[in-house]
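Protein chains in written order, with my numbering: chain A, 30 to 447; chain B, 30 to 447. Heads up: the structure comes next, in structure tokens.
Printed below as a string of structure tokens:
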């Protein structure tokens with residue numbers, strides 16, 4: 030019999046309270062123990078993965094899953110090495126919890142501190158890639174959050190085995206709380222998770238557009254992520270043709286299925302080398318679509334919508350209308366236009382003479398990436414560990430009461446301390 | 030005929046894009062113009078308010094509204110003066126938009142800036158208090174957000190008049206965009222607003238528990254606020270009796286209907302002066318309830334649930350179980366216990382030897398307060414202007430492409446600049 034989701038959620042909440050102030054050294058030891066344990070037991074993980082792959086092959090035949098899902102599901106030596114290295118890298122990142130973000134004297138003997146702390150319980154819903162488990166589990170441990178994972182059914186054996194090994198490692202670390210990392214498997218669990226706002230504080234979907242859209246419209250729990258990446262590049266009148274060509278080719282072809290790949294090229298009507306630019310794109314095997322049915326199409330392959338616009342303003346308006354607020358760039362020699370573009374385009378990333386493909390937590394120097402968010406609250410753009418934290422206010426007094434201030438017996442003397 | 034809400038929302042979105050990069054000087058001039066215009070036309074506002082009060086008197090008779098709603102609705106000279114002063118104060122606050130939060134060289138010629146920017150469109154749903162309009166409108170202008178206001182029907186005339194005067198002032202400011210502040214009046218508009226996640230980025234409810242609970246469970250748009258304030262004070266074994274009494278009296282009686290008033294007193298079983306403490310509370314007209322039906326009761330009056338607990342751990346567990354994550358304090362001489370309490374209690378404010386009534390944006394030195402949030406994402410505790418901002422990443426290159434880094438021709442040299 031499958032356990033009620035609510036019990037899993039309650040245990041996660043309890044675990045989140047226990048891990049909230051666990052010291053950095055214990056968390057880092059736990060991460061190293063997890064990396065070591067996965068390294069030691071990798072053969073078992075490969076075996077579990079083989080079972081999933083065998084099942085998946087049948088599902089390809091029946092059309093239940095695609096070849097690309099199959100590829101993401103497959104763990105090889107390289108992915109395993111990256112997985113293990115990723116966990117060790119996270120253990121080396123700066124401690125995100127307990128940072129003093131504000132230290133303010135309110136009055137004599139009355140001191141306010143704003144201190145970073147974990148969010149609580151994360152609900153992670155992901156599709157095929159089993160390496161998400163170790164990555165998200167490590168980020169959760171580092172940031173003192175508890176997590177409930179729900180992976181795709183096609184990777185069930187691999188996921189189960191990886192979590193078993195992670196928990197074997199965590200159990201070996203003295204004082205590490207139980208139930209920090211839990212996993213569910215049923216589709217019904219997702220529906221329960223989305224309703225569970227009493228115990229789950231943040232949902233992070235890792236998967237295709239439809240998954241993310243479904244989740245965003247079916248929960249009142251905050252969701253961190255992006256449903257789509259409709260990125261634009263606007264080639265301004267004064268753009269350098271070589272730079273324009275090189276940047277657009279990179280943004281479209283370097284990894285076409287990435288969310289930060291460009292989907293629409295906007296060209297100023299007075300850009301003299303328009304034909305040359307388009308020819309160079311075609312030479313690089315980019316299929317150009319001058320009149321797409323929908324200007325919000327995310328191709329995920331070497332196809333690009335192209336539109337000639339009359340002005341910078343029209344480009345900005347097009348992007349704010351059809352874009353997804355992910356990452357949009359301008360190629361220009363005109364600094365004023367670049368500044369206007371970057372101020373007026375309402376996206377997480379606004380780029381000037383650079384490829385949209387730079388939108389990534391590692392490239393930004395965050396060390397690890399939770400995902401890329403197109404939200405307008407909490408965390409936007411590539412999200413590092415900081416996105417898994419919030420803060421609390423600690424106030425220390427000496428019997429201070431508000432009535433003294435209301436009556437004018439005392440007054441506030443706000444002063445920021447170091 | 031009432032206009033479709035969607036058109037109002039679209040105009041707000043457009044206005045939000047126009048005000049996004051309006052310079053600080055224009056915004057501050059606009060705020061001063063609003064304050065001056067309200068001062069000049071205050072008689073008209075009082076007249077509109079009189080109409081609402083006359084209607085409200087009838088509604089008291091029929092039981093549709095309470096006496097306290099009537100009091101909140103009533104504008105007098107003092108409230109008017111505070112309203113006008115509040116707008117001028119906001120114009121003097123530090124500019125919240127365009128702050129450089131991170132300035133990082135990623136590689137030669139490739140620079141990343143994280144810059145604060147507005148959220149976009151705010152939906153404000155509030156009850157009787159008409160002074161909310163000027164306050165929220167001012168905060169929205171200062172933070173370059175557009176806003177759609179929905180007030181209670183009992184203050185319809187006052188609200189309409191105040192907004193008319195605000196927009197008269199804004200129209201007088203050259204280049205100030207249209208439709209930054211709009212208002213709706215119908216109950217049906219609230220239902221539309223909650224569904225309008227394409228155009229509205231943040232909902233801020235200002236009102237009673239039921240309003241906030243309804244909103245939180247009926248929208249997937251982020252909601253900033255708190256449904257209830259179940260604040261606790263734990264009197265530890267080593268507490269000073271005089272401090273305990275003074276702080277609890279302040280926290281309960283200084284303003285009993287405030288959300289940061291204490292609702293539950295927890296006393297350590299070994300606190301020797303328990304009887305003395307309870308007697309002093311009763312002397313201060315506090316009604317003590319030793320066995321409440323519900324430990325999550327927000328009294329809003331001089332009534333206090335009281336429980337004797339066996340340990341600090343039991344106090345922490347009680348608070349994390351029955352509290353609302355608003356503000357909770359410990360009274361103790363034991364520093365270790367205070368630290369444990371502040372780390373383990375999962376609330377926006379954790380206090381040591383101070384009254385819970387300090388949980389307030391003005392007392393924290395934020396200059397203005399959007400509200401108090403019990404959220405675990407975006408903004409927590411008293412929220413100042415910063416809570417109405419998010420950030421975008423601006424990347425400036427010189428034709429940089431990711432392929433050069435993927436092929437190892439270039440490597441990242443992350444370096445934080447001043």
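Backbone N, C-alpha and C fix where the C-beta goes; we use that ideal spot for every residue, glycine too. Quantities reported herein were computed from a predicted structural model and do not represent experimental measurements.
(1) Give me the chain A residues within the contact set of residue 111 of chain B, using Cβ-Cβ distance strictly less than 9 Å, ordered along the chain.
(2) What are the residues in the region 391-416 of chain A lying within 7 Å of chain B by C-beta distance?
(3) Determine which residues of the region 148-167 of chain A have a Cβ less than 8 Å from any Cβ of chain B, and write them out in chain order.
(4) Flag this pair as touching only if the region 239-259 of chain B and the region 271-281 of chain B have three or more C-beta atom pairs under 8 Å; answer yes or no.
(5) For a cutoff of 8 Å on Cβ pairs, would you count residue 429 of chain A as touching chain B?
(6) So residue 132 of chain A is in the beta strand (DSSP E); what residue range does that whole segment cover?
(7) Which complete alpha helix (DSSP H) runs does the region 177-216 of chain A hold, if anything under 4 residues is left out?
(8) Less than 6 Å between C-beta atoms, sequence neighbours within five positions excluded: which residues of the same chain meet that for residue 44 of chain A?
(9) Is residue 331 of chain B close to chain A? Criterion is C-beta to C-beta, closer than 8 Å.
(10) For residue 443 of chain A, go through chain B and note every residue whose CB falls closer than 7 Å to its CB, in chain order.
(11) Report the partner residues of residue 442 of chain A according to the DSSP bridge assignment.
(12) Less than 8 Å between C-beta atoms, sequence neighbours within five positions excluded: which residues of the same chain meet that for residue 169 of chain A?
(13) Would you mind sorting residue 41 of chain A into buried or exposed? The rule is 16 or more other CB atoms within 10 Å of its CB.
(14) Taking only runs of the beta strand (DSSP E) that begin and end inside the region 69-153 of chain B, which ones reach a length of at least 3 residues, in chain order?
(15) Do residue 382 of chain B and residue 428 of chain A come within 8 Å of each other at the CB atom, strictly closer than that value?
(16) Which partner residues does residue 422 of chain B have in the DSSP bridge list?
(17) Report the CB separation of residue 162 of chain A from residue 180 of chain A in whole angstroms; it is logged as a contact under 8 Å.
(18) Residue 288 of chain B bridges to which residues according to DSSP?
(19) In three-state DSSP terms, what is residue 256 of chain B?
(20) Compute the Euclidean distance between the alpha carbons of residue 30 of chain B and residue 99 of chain A, then round it to the nearest angstrom.
(21) Is there a Cβ of chain B sitting closer than 8 Å to that of residue 50 of chain A, yes or no?
(22) Would DSSP call residue 270 of chain A helix, strand or coil?
(23) Of all the options A:96, A:230, A:345, which has the alpha carbon lying nearest to the alpha carbon of residue 297 of chain A?
(24) Counting only beta-carbon separations shorter than 8 Å, does residue 372 of chain B have a partner in chain A?
(25) Please return the same chain residues whose Cβ sits closer than 8 Å to the Cβ of residue 111 of chain B, not counting the five positions on each side in sequence.
(26) Sort out for me which residues DSSP pairs residue 369 of chain B with in a bridge.
(27) Taking any Cβ of chain A, which residues in the region 229-260 of chain B have a Cβ under 7 Å from it, in chain order?
(28) With a 10 Å radius around its C-beta and 16 neighbouring C-beta atoms as the bar for buried, classify residue 220 of chain B as buried or exposed.
(29) On the DSSP letters alone, give me the boundaries of the alpha helix (DSSP H) that residue 167 of chain B sits inside.
(30) Identify, in the order they occur along the chain, each residue of the same chain with its Cβ nearer than 6 Å to the Cβ of residue 1 of chain A, setting aside the five sequence neighbours on each side.
(31) What separation, rounded to the nearest whole angstrom, lies between the Cα atoms of residue 306 of chain B and residue 321 of chain B?
(32) Going by alpha carbons, who is nearest to residue 237 of chain B out of B:90, B:372, B:97?
(33) Within 10 angstroms of the Cβ of residue 442 of chain B, are there 16 or more other Cβ atoms? Answer buried if so, exposed if not.
(34) To the nearest angstrom, report how far apart residue 336 of chain A and residue 293 of chain A are at their CA atoms.
(35) Considering only the alpha carbon of each residue, which of B:304, B:291, B:395 lies closest to residue 352 of chain B?
On the basis of the coordinates in this document:
(1) Residue 111 of chain B sits at position 82 when you count from the first residue of the second chain. Here the premise fails: no neighbours, minimum Cβ distance about 15 Å.
(2) With the criterion set as a beta carbon lying under 7 Å from some beta carbon of chain B, the members of the region 391-416 of chain A are 392, 393, 394, 405, 406, 407, 409, 410, in sequence order.
(3) Along the region 148-167 of chain A, going in chain order, the ones with a CB nearer than 8 Å to a CB of chain B are 148, 149.
(4) The answer is no - the region 271-281 of chain B does not touch the region 239-259 of chain B, with fewer than three Cβ pairs under 8 Å.
(5) Sequence index remark: in the first chain, residue 429 of chain A carries index 400 (1-based). Using a Cβ-Cβ cut-off of 8 Å, residue 429 of chain A counts as an interface residue toward chain B, since at least one Cβ of chain B sits closer than that to its own.
(6) The residue given as residue 132 of chain A occupies position 103 in the first chain. 129-136 is the span of the beta strand (DSSP E), which, as asked, contains residue 132 of chain A.
(7) Counting only runs of 4 or more residues that sit fully inside the region 177-216 of chain A, the alpha helix (DSSP H) segments are 185-200, in chain order.
(8) Start at 1 with the first residue of the first chain, and residue 44 of chain A comes out as number 15. Sequence-distant partners of residue 44 of chain A (beyond 5 residues in either direction) whose C-beta falls short of 6 Å from its own C-beta, in its chain, are 175, 206, 208, 209.
(9) Counting from one through the second chain, the residue named residue 331 of chain B turns up at place 302. Output row for residue 331 of chain B: interface = no.
(10) Translated into the one-based positions of the first chain, residue 443 of chain A becomes position 414. Ordered by position in chain B, the residues that pass the 7 Å Cβ test against residue 443 of chain A are 394.
(11) If you number the first chain from 1, residue 442 of chain A lands on position 413. Residue pairing for residue 442 of chain A: DSSP places it in no beta bridge.
(12) The count along the first chain starts at 1 and reaches residue 169 of chain A at position 140. Taken in chain order, the residues that qualify are 151, 175, 176, 209, 210, 417.
(13) Walking along the first chain from the start, residue 41 of chain A turns up at place 12. Looking at its Cβ environment, which holds 16 or more other Cβ atoms inside 10 Å, residue 41 of chain A is buried.
(14) Runs of the beta strand (DSSP E) inside the region 69-153 of chain B: 129-136, 139-147.
(15) As a working note, residue 428 of chain A is residue 399 in the first chain. As a working note, residue 382 of chain B is residue 353 in the second chain. Their beta carbons are under 8 Å apart, which means residue 428 of chain A touches residue 382 of chain B by this criterion.
(16) For the purposes of this step, residue 422 of chain B is taken as residue 393 along the second chain, with counting starting at 1. Paired residues: A:378, B:143.
(17) The residue given as residue 162 of chain A occupies position 133 in the first chain. The residue given as residue 180 of chain A occupies position 151 in the first chain. Going by Cβ atoms, the distance from residue 162 of chain A to residue 180 of chain A rounds to 7 Å, so yes, they are a contact pair.
(18) The count along the second chain starts at 1 and reaches residue 288 of chain B at position 259. Answer is none; residue 288 of chain B lacks a bridge partner.
(19) Counting from one through the second chain, the residue named residue 256 of chain B turns up at place 227. Assignment of residue 256 of chain B by DSSP, reduced to helix, strand and coil, places it in the coil class.
(20) For the purposes of this step, residue 30 of chain B is taken as residue 1 along the second chain, with counting starting at 1. For the purposes of this step, residue 99 of chain A is taken as residue 70 along the first chain, with counting starting at 1. Since pLDDT at residue 30 of chain B reaches only 47, below the 50 mark, its modelled position is unreliable, and no value is offered.
(21) As a position in the first chain, residue 50 of chain A is number 21, starting the count at 1. So yes, residue 50 of chain A belongs to the interface.
(22) Position 241 of the first chain, counted from the first residue, corresponds to residue 270 of chain A. Looking at residue 270 of chain A - three-state DSSP - the assignment turns out to be helix.
(23) Taking the first chain and counting its residues from 1, the one referred to as residue 297 of chain A is at position 268. Per the Cα distances, A:345.
(24) Along the second chain, one-based indexing puts residue 372 of chain B at 343. Using beta-carbon distances, residue 372 of chain B counts as an interface residue toward chain A, with a partner under 8 Å.
(25) Within the second chain, numbered from 1, the residue matching residue 111 of chain B stands at position 82. Cβ neighbours of residue 111 of chain B beyond the five flanking positions: 160.
(26) To locate residue 369 of chain B, count along the second chain from 1; it is residue 340. Beta-bridge pairing links residue 369 of chain B to no other residue.
(27) So the list reads 230, 231, 245, 246, 248, 249, 251, given in the order they occur along the chain.
(28) Taking the second chain and counting its residues from 1, one reaches residue 220 of chain B at position 191. Exposed.
(29) Counting from 1 along the second chain, the entry for residue 167 of chain B is found at position 138. Counting along the chain, the alpha helix (DSSP H) containing residue 167 of chain B begins and ends at 160-171.
(30) For residue 1 of chain A there is no data in the structure shown, the boundaries of chain A being 30 and 447.
(31) Position 277 of the second chain, counted from the start, is the residue given in the question as residue 306 of chain B. Position 292 of the second chain, counted from the start, is the residue given in the question as residue 321 of chain B. Residue 306 of chain B and residue 321 of chain B have their C-alpha atoms some 19 Å from each other.
(32) For the purposes of this step, residue 237 of chain B is taken as the residue at position 208 of the second chain. Selected option, being the one with the closest Cα: B:97.
(33) For this step, residue 442 of chain B is matched to residue 413 along the second chain. Its Cβ having fewer than 16 others within 10 Å, residue 442 of chain B is exposed.
(34) Counted from its first residue, the first chain places residue 336 of chain A at position 307. Counted from its first residue, the first chain places residue 293 of chain A at position 264. Residue 336 of chain A and residue 293 of chain A: Cα-Cα distance of roughly 8 Å.
(35) Residue mapping note: residue 352 of chain B aligns to position 323 of the second chain, counting from 1. Ranking B:304, B:291, B:395 by Cα distance to residue 352 of chain B puts B:291 first.
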